[in-house]
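This report concerns only the one structure given below.
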């Protein structure tokens, strides 16, 4: 399998998180698009490639190495300075519908372990996302 670019790795994590409960909701898909359009890390990403990258991720997940193989490729593609950004992107997708299912929690745990993120970093990302997504009602 060819190496992933950092952009592809970030997108893979968002797709994996969205698909973890076998229900990629419109809200989650919209959030992936929002992240790609608005986060500085994606400023030089060709947004026309999003669907192709997501399809490549799905294909890789169904391949012989499955989720573990994909997560290994993702970790190898991300420089250490982007690992917290990658987790934050995945968490955004999981939290956007304000209902985190057990499958999403488990995938986030696997991502955290594979990216070797400490507990305080993960807690800060979670708290920030929840605060950002909170509504008045």
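Residue numbers (our numbering): 1 to 137.
Backbone N, C-alpha and C fix where the C-beta goes; we use that ideal spot for every residue, glycine too.
Around the beta-carbon of residue 132, fewer than 16 other beta-carbon atoms lie within 10 Å, marking it exposed. Counting C-beta pairs closer than 8 Å gives three or more between the region 89–104 and the region 19–35, which meets the contact rule. Counting along the chain, the unbroken alpha helix (DSSP H) around residue 14 starts and ends at 6–19.
Taking a 10 Å sphere around the C-beta of residue 122, we find 16 or more other C-beta atoms and assign the residue as buried. Relative to the Cα of residue 30, the nearest Cα in the group 96, 108, 113 belongs to 96. If the five residues before and after residue 9 are omitted, its C-beta is found closer than 6 Å to the C-beta atoms of 74, 77, 78, all from its own chain and listed in chain order. When secondary structure is reduced to three states using DSSP, residue 91 falls in the helix class.
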